[in-house]
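Going by my numbering, the first residue of the sequence shown is number 1396, and it counts up by one from there.
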Amino acid sequence: MSDCLFCKIINGEIPCDKVFENEKVLAFNDIDPQAPVHILVIPKVHIESLNDINQDNCEIIKEIHLVIKKIAKDLKIDRDGYRVITNCGELGGQSVKHLHYHVLGGRNLKWPPG
Ligand code: 5GP
Ligand code: ZN
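Below you can see the structure in the form of C-alpha cells.
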C-alpha cells in the first residue's frame, strides 16, 4: 500500500537496519528498541493486522515463525528465551497498520505487559 510505512521500508523508499530477508519476509531492527534485541518481522505483502489473516494468506504466518526461530538462533537468544508479540488494533497498541511481529530478547522481560 502506497501510504504504508512498512510497505515503504519493503520497497526501499525508507531505509531500515535489515536483519534478514527472503522473498516473503523482511526483518529489521526496531527504530525505538525496548530490549537489547528488538526486531520487527513483517510479511512483504500488505496485511493490515492479525484480524486480516485468513485461509488464503495464512501460509505467511508459518514463514514468519520460521524466520523468527532462525533469527533467535542466529542472535543466540533462543536458549535464554525471548518474546514474540503482535499488537492488534487500537486497544492492542498497534501503531503501524501492516502486520508485524516484535521479537524481544536479551533481558528479563516482565509479565504482564502494561
Ligand atoms: P506497533 O506499535 O504498531 O506494535 O509497533 C510499531 C513499531 O514500529 C514500534 O515499535 C516502532 O518503534 C517501530 N517503528 C515505527 N517507525 C519505524 C521506522 O521508521 N523504522 C523502524 N525500524 N521501526 C519503526
Ligand atoms: Zn504495508
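C-beta atoms are modelled at their ideal positions from N, C-alpha and C, and glycine is treated no differently. Quick caveat: nothing in here was measured; it's all calculated off a predicted structure.
- Query: Taking all protein chains shown into account, do 16 or more other C-beta atoms lie within 10 angstroms of the C-beta of VAL1420, making it buried, or fewer, making it exposed?
  - Reply: Counting the other Cβ atoms within 10 Å of the Cβ of VAL1420 gives 16 or more, which makes it buried.
- Query: Where does VAL1440 land, buried or exposed, given buried means 16+ other C-beta within 10 angstroms?
  - Reply: With a threshold of 16 other beta carbon atoms within 10 Å, VAL1440 falls short and is exposed.
- From what residue to what residue does the alpha helix (DSSP H) around LYS1403 run? 1400-1405
- Query: Could you give the distance in angstroms between the alpha-carbon of GLY1407 and the alpha-carbon of LEU1504?
  - Reply: If you take the alpha carbons of GLY1407 and LEU1504, they lie about 32 Å apart.
- THR1481 vs LEU1435 beta-carbon contact at 8 Å: Their beta carbons are not under 8 Å apart, which means THR1481 does not touch LEU1435 by this criterion.
- Item | For CYS1402 and MET1396, the rounded distance between their alpha carbons | 6 Å
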